[in-house]
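For reference, the structure is listed below as C-alpha cells.
There are 2 protein chains.
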Amino acid sequence: MIIATIRDVAKRAGVSVATVSAVVNNSKPVSEPLRQRVQEAIEALGYRQNLLARALYTKRTMTLAFLVPSIENPFFAEVLRAVEETAHANNYSVFVGSTNGDRAKVEFYRDRLIALGVDGVLTVLSWDVVSSDLIPALQAYEIPVVGVAGSRTLPNIDCFVSDDFGAGEQAARYLLGLGHRQIAFIGSKDSQTTVLRYEGVKSALSKSDIEPDPSLLITVDGYEEADGSRAVSELIVQNSEFTAVVAFNDVMALGALSAFEDQGFSVPERLSVISFDDTISGYTRPRLTTVVCPKHDLGAKGVAKLLARIEGDDSPPQIHKLPTRILARESTRSPWVAHYV
Amino acid sequence: MIIATIRDVAKRAGVSVATVSAVVNNSKPVSEPLRQRVQEAIEALGYRQNLLARALYTKRTMTLAFLVPSIENPFFAEVLRAVEETAHANNYSVFVGSTNGDRAKVEFYRDRLIALGVDGVLTVLSWDVVSSDLIPALQAYEIPVVGVAGSRTLPNIDCFVSDDFGAGEQAARYLLGLGHRQIAFIGSKDSQTTVLRYEGVKSALSKSDIEPDPSLLITVDGYEEADGSRAVSELIVQNSEFTAVVAFNDVMALGALSAFEDQGFSVPERLSVISFDDTISGYTRPRLTTVVCPKHDLGAKGVAKLLARIEGDDSPPQIHKLPTRILARESTRSPWVAHYV
DNA sequence: CTGAAAGCGCTTACAG
DNA sequence: CTGAAAGCGCTTACAG
Numbered sequence: 001m002i003i004a005t006i007r008d009v010a011k012r013a014g015v016s017v018a019t020v021s022a023v024v025n026n027s028k029p030v031s032e033p034l035r036q037r038v039q040e041a042i043e044a045l046g047y048r049q050n051l052l053a054r055a056l057y058t059k060r061t062m063t064l065a066f067l068v069p070s071i072e073n074p075f076f077a078e079v080l081r082a083v084e085e086t087a088h089a090n091n092y093s094v095f096v097g098s099t100n101g102d103r104a105k106v107e108f109y110r111d112r113l114i115a116l117g118v119d120g121v122l123t124v125l126s127w128d129v130v131s132s133d134l135i136p137a138l139q140a141y142e143i144p145v146v147g148v149a150g151s152r153t154l155p156n157i158d159c160f161v162s163d164d165f166g167a168g169e170q171a172a173r174y175l176l177g178l179g180h181r182q183i184a185f186i187g188s189k190d191s192q193t194t195v196l197r198y199e200g201v202k203s204a205l206s207k208s209d210i211e212p213d214p215s216l217l218i219t220v221d222g223y224e225e226a227d228g229s230r231a232v233s234e235l236i237v238q239n240s241e242f243t244a245v246v247a248f249n250d251v252m253a254l255g256a257l258s259a260f261e262d263q264g265f266s267v268p269e270r271l272s273v274i275s276f277d278d279t280i281s282g283y284t285r286p287r288l289t290t291v292v293c294p295k296h297d298l299g300a301k302g303v304a305k306l307l308a309r310i311e312g313d314d315s316p317p318q319i320h321k322l323p324t325r326i327l328a329r330e331s332t333r334s335p336w337v338a339h340y341v
Numbered sequence: 342m343i344i345a346t347i348r349d350v351a352k353r354a355g356v357s358v359a360t361v362s363a364v365v366n367n368s369k370p371v372s373e374p375l376r377q378r379v380q381e382a383i384e385a386l387g388y389r390q391n392l393l394a395r396a397l398y399t400k401r402t403m404t405l406a407f408l409v410p411s412i413e414n415p416f417f418a419e420v421l422r423a424v425e426e427t428a429h430a431n432n433y434s435v436f437v438g439s440t441n442g443d444r445a446k447v448e449f450y451r452d453r454l455i456a457l458g459v460d461g462v463l464t465v466l467s468w469d470v471v472s473s474d475l476i477p478a479l480q481a482y483e484i485p486v487v488g489v490a491g492s493r494t495l496p497n498i499d500c501f502v503s504d505d506f507g508a509g510e511q512a513a514r515y516l517l518g519l520g521h522r523q524i525a526f527i528g529s530k531d532s533q534t535t536v537l538r539y540e541g542v543k544s545a546l547s548k549s550d551i552e553p554d555p556s557l558l559i560t561v562d563g564y565e566e567a568d569g570s571r572a573v574s575e576l577i578v579q580n581s582e583f584t585a586v587v588a589f590n591d592v593m594a595l596g597a598l599s600a601f602e603d604q605g606f607s608v609p610e611r612l613s614v615i616s617f618d619d620t621i622s623g624y625t626r627p628r629l630t631t632v633v634c635p636k637h638d639l640g641a642k643g644v645a646k647l648l649a650r651i652e653g654d655d656s657p658p659q660i661h662k663l664p665t666r667i668l669a670r671e672s673t674r675s676p677w678v679a680h681y682v
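If you're matching them up, the sequences are chains A and B in order. Just so we're aligned, residue 1 is where the first sequence starts under my numbering, counting upward by one. Just so we're aligned, residue 342 is where the second sequence starts under my numbering, counting upward by one.
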C-alpha cells in the first residue's frame, strides 16, 4: 500500500498543502467548498497525518512518559492506569519505562525520551532517578517533569505524594475511635515512609493524651510478608500490652496476621490489625482494614499538572499531599470484650 | 538553552552534516581525525540526535506499542514488565495503551500509533481489539502485529498464548498423582479459557481411565471471588463425592476457600484446591497450589518475534502455546486420610 | 574518505 | 480565504 501524504491530498483536491493542513488541523478558516473537497480527498486516499513530521516543526509530539521503579508493583500499576486514562482523555499517548533501580536504565530513558521529543515526563522519585541527572537533563530541554508517589519529593518540580503523616494519624484515630489505647506499630527500617506514618500515629495518640510507648514500635529490615511475621515475634517478646497493631503495609500485615494466628491470638477478636496501601488487603483472612492511598488520584493529578506545565503554566512548583482514607474491613474491632494481656 | 542540531556540530567541527551523521550512526567509514573533531564538537555542544527527524527519513522510530484490556490487571502488568524489559534490551521504547473493552479507544490507538510511526505492536487479543479493524489497519501500513495472552488467537498473525489445555491436564495430573479420583471443576460461563482448561482436566482424567462426572463441573457467571464462593455452594448441593477442586483462577479459588471454610470443610485436610494464574495465590491461607502461566515468557517472546518481523522475518505466522507449570503450595494434599462424603 | 544537494511529511509566516 | 516558499533536523544516494 502506498501511503498518502499531504501532497497527494492537495493534488487530488486541487488545492495547496497549506489548505489541506488548515483543514486537517482546523487551524485557519477555509471556505466550505474547499474544505469539502479536501475532506473527500482525505477519505478517498485514506490519508493520515504524520505526527512525526508535524512534530519536527511544532515541537509537540503529543506523547508523555511515565517512569517507575517496577511496573508489576500493583501500586504503580494502578498509578499507571490513571496516567494512561488521563493522558488519553487529553489526546496524549504514554511511554512506560521501568528503571528497576538501575542507573544505566535511567540514563537510557533520559537520552531516549529527549531524542523522541516527549512533551513531558512523570516519574516516580526513586533513588536511581533522583541520583541521576535525568531531571536536570529533561529541564535543559524544557521538558516539564513531575514527581509522583513514593514519599520522596524534590523542591524544584511539582510532586504528588500521598500524605503519609496524615495516613498514620488516620489509622491511629480509627483505632482510637474503636476504643484502643495501646497501639503497636510495625514498620521497615530505613523507610522514610515508615517514619512519616509512625509520626502520624504518635501525633494522633498525643492528641488523645496517650503517651506513645516506645516498646510498641518495632522496625525490621525489609517489608515483605516474612518481615511482618518477624516483627510480630519481636513485638510479642516485648511483653508489653497492646490491643491493636498498625502495620506498615498490606504485605507485612499479612505476615503479621499469620504470626498472630500461629501464636493463638485471633484477629480481630483479641487483636485489631490495620495496614496501609490497599493492595492485597482484600484477599487476606480476615480481610484487612487498611488506609487507602490515592493511587488513582496520584496519577491523574500528576498528569493534569504535567499537561498544564506543557501548556505554559509557570507557577512555582508545589508539593501536593493527597489525602488517604480508611477502608474498614474485618481485621479491626473494639477491644472492649477481650484483649491481650 | 539552545538545542544543538547536526548542523551546529558540523559547523563547529568544520565538516559536513553528512560526516556528522556518519559518525553518529556509525554508518560509514570516517577518518580518525574527522571522527575525533566531530566527537569533540558533540561533547562541547551537548548534541543529541533527534530521533523524530531521523525517523522521517528512515521510517524507524525504535518504538513499540503494547495494547492491553486493563493495565492494572496483575497478569498483564507482569506481561508488560517483560515487554518493557525485552524492548529496552533491544534498544526500543514502548507505548502502553489500555483499551478497557472500549472500541473508541481501540480506534484512538489505531490512528495514533500509525501517526506516531511505531515500528510494531503487541496486543492482547481482547474482543474490542479483534472486532475492530486495528490489526488490518496496522498491517496496511506494514506495521507488524503480534497477539499475546488471552486464549484467543488469530490465524494471520503470530500469537503467543499459554497452553490452557495443557494447564488443565497438568492440574488434574497433579491431583491424580496425589491420589485424587473425584475431581470437581469450577469455572466461568462463556469463558473460552474455562473450556480449554476443563478439556485438559477431562483429558487427564480419561487417560487415567476415570470417567469425568458432569455433576462435578460447575460454571457460573463472572470470575471474581464471590463467583467462586457461589460455585462452591452449587457444587455442594450437587451432593456428589469429590476430594479435590480445580478452580478457574486464583481469585475464584479464594472465594472457594472461604466457602469451604464456612461449610466446615478444611483445606487441604478434607479437600484439595488448585487454581490457575499465580496472581494472588501466595497470599491466601492456605496458600494455593496453582498452575503458573508463563506471563514473562509471553511478553518476552512476543516482543522477540515482533522485532524479528520488524527486521524482515516473513515466515508464516504461527501460534505459540507456551507451557505452564505447577507451583505446589499448601492447598493440596493426598486424600488418603479423610475426604468429603 | 568527504560534501553538496535532495528529500522525508509537515506547518507557518508572508504575500496576495 | 488561498498558495508558494522556507524550514523543522535528519539521511542517503551521488559525485568527487
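Quick reminder that beta carbons are idealized off the backbone N, C-alpha and C, glycines included.
{"Check": "May I ask which residues mark the beginning and end of the beta strand (DSSP E) holding Arg514/B?", "Outcome": "First-last for Arg514/B: Asp505 to Leu519, but that is the alpha helix (DSSP H), not the beta strand (DSSP E)."}
{"Check": "Which residues, taken in chain order from the segment 36-63 of chain A, show a beta carbon closer than 9 Å to some beta carbon of chain B?", "Outcome": "Gly46, Arg48, Gln49, Asn50, Leu51, Leu52, Ala53, Arg54, Ala55, Leu56, Thr61, Met62 and Thr63"}
{"Check": "Assuming contact is defined by CB atoms lying nearer than 8 Å, are Ser229/A and Ala253/A in contact in what I supplied?", "Outcome": "no"}
{"Check": "To the nearest whole angstrom, what separates the beta carbons of Asp250/A and Ile210/A, a pair I think is in contact under 8 Å?", "Outcome": "Contact flag wrong, Cβ pair sits at about 26 Å."}
{"Check": "Where does the unbroken beta strand (DSSP E) through Thr19/A begin, and where does it stop?", "Outcome": "It is not in any beta strand (DSSP E) - Thr19/A instead sits in the alpha helix (DSSP H) that spans Val17 to Asn25."}
{"Check": "For Ile135/A, decide whether its Cβ has a neighbour in chain B, counting only Cβ atoms nearer than 8 Å.", "Outcome": "no"}
{"Check": "How many angstroms separate the CA atom of Arg514/B from the CA atom of Val542/B?", "Outcome": "8 Å"}
{"Check": "For chain A, find out if any of its Cβ atoms is closer than 8 Å to the Cβ of Leu595/B; answer yes or no.", "Outcome": "yes"}
{"Check": "Give the interface partners of Pro74/A over in chain B, defined as CB-CB distance under 8 Å, in chain order.", "Outcome": "Glu413, Pro415 and Ala418"}
{"Check": "Looking at the secondary structure, which residues open and close the alpha helix (DSSP H) in which Leu576/B lies?", "Outcome": "Glu566 to Gln579"}
{"Check": "Drop a sphere of 10 angstroms on the beta-carbon of Lys369/B, count the other beta-carbons inside from all chains shown, and report buried for 16 or more, exposed for fewer.", "Outcome": "exposed"}
{"Check": "From Pro658/B to Pro485/B, what does the alpha carbon distance come to, in whole angstroms?", "Outcome": "11 Å"}
{"Check": "Looking only at DSSP bridge pairs, what is Gly563/B linked to?", "Outcome": "Its beta-bridge partners do not exist; DSSP assigns none."}
{"Check": "Under 6 Å Cβ to Cβ from Ser556/B, same chain only, skipping five residues before and after it: list those, please.", "Outcome": "Gln579 and Ser581"}
{"Check": "Could you check if Ile343/B is buried or exposed, using at least 16 other CB atoms within 10 Å of its CB as the buried criterion?", "Outcome": "exposed"}
{"Check": "Give the secondary structure of Thr63/A by DSSP, where H, G and I count as helix, E and B as strand, and everything else as coil.", "Outcome": "strand"}
{"Check": "Excluding the 5 residues preceding and the 5 following Ile476/B in the sequence, name in chain order all residues of the same chain whose CB lies nearer than 6 Å to its CB.", "Outcome": "Val486"}
{"Check": "Please list the terminal residues of the continuous alpha helix (DSSP H) segment that includes Gly596/B.", "Outcome": "Asp591 to Asp603"}
{"Check": "So which residues of chain B does Phe95/A contact, with C-beta pairs closer than 9 Å?", "Outcome": "Thr404, Ser434, Val435, Phe436 and Val437"}
{"Check": "Can you name the start and end residues of the alpha helix (DSSP H) that Thr58/A belongs to?", "Outcome": "Leu51 to Thr58"}
{"Check": "Report the CB separation of Val608/B from Ala525/B in whole angstroms; it is logged as a contact under 8 Å.", "Outcome": "Contact flag wrong, Cβ pair sits at about 13 Å."}
{"Check": "Are the beta-carbon atoms belonging to Arg7/A and Val15/A less than 8 Å from one another?", "Outcome": "no"}
{"Check": "Ordered along the chain, which non-local residues of its own chain (more than five positions away) have a Cβ less than 6 Å from that of Gly640/B?", "Outcome": "Val420, Ala423 and Val424"}
{"Check": "Is the distance from the Cβ of Asp278/A to the Cβ of Leu322/A below 8 Å?", "Outcome": "no"}
{"Check": "Cβ of Ile615/B within 8 Å of Cβ of Leu516/B?", "Outcome": "yes"}
{"Check": "Spell out whether any CB of chain B is found under 8 Å from the CB atom of Leu306/A.", "Outcome": "no"}
{"Check": "Please state the DSSP three-state secondary structure of Asp410/A.", "Outcome": "The displayed coordinates of chain A run from 1 to 341. Any statement about residue 410/A would go beyond what the structure contains."}
{"Check": "Is the beta carbon of Thr352/A less than 8 Å from the beta carbon of Asp111/A?", "Outcome": "No statement about residue 352/A is possible, as the shown extent of chain A runs from 1 to 341 and does not include it."}
{"Check": "Would you say Lys446/B lies against chain A (beta-carbon separation less than 8 Å)?", "Outcome": "yes"}
{"Check": "In angstroms, rounded to a whole number, what distance separates the CA positions of Leu121/A and Asp297/A?", "Outcome": "For the sequence presented, residue 121/A should be read as Val rather than Leu. In a straight line, the C-alpha of Val121/A is about 17 Å away from that of Asp297/A."}
{"Check": "Tell me the residue span of the beta strand (DSSP E) that contains Gly97/A.", "Outcome": "Ser93 to Ser98"}
{"Check": "Suppose you measure from the CA of Ala13/A to the CA of His429/B; what does that come to, to the nearest Å?", "Outcome": "43 Å"}
{"Check": "Does the CB of Arg422/B have a neighbour CB from chain A at under 8 Å?", "Outcome": "yes"}
{"Check": "Taking DSSP as the reference, what is the three-state secondary structure of Phe75/A?", "Outcome": "helix"}
{"Check": "Please work out which residues of its chain come closer than 8 Å, Cβ to Cβ, to Leu116/A, disregarding the five sequence neighbours upstream and downstream, and give them in chain order.", "Outcome": "Thr61, Thr63 and Phe95"}
{"Check": "Along chain B, which residues have their Cβ under 7 Å away from the Cβ of Ala115/A?", "Outcome": "Arg389, Gln390, Asn391 and Leu392"}
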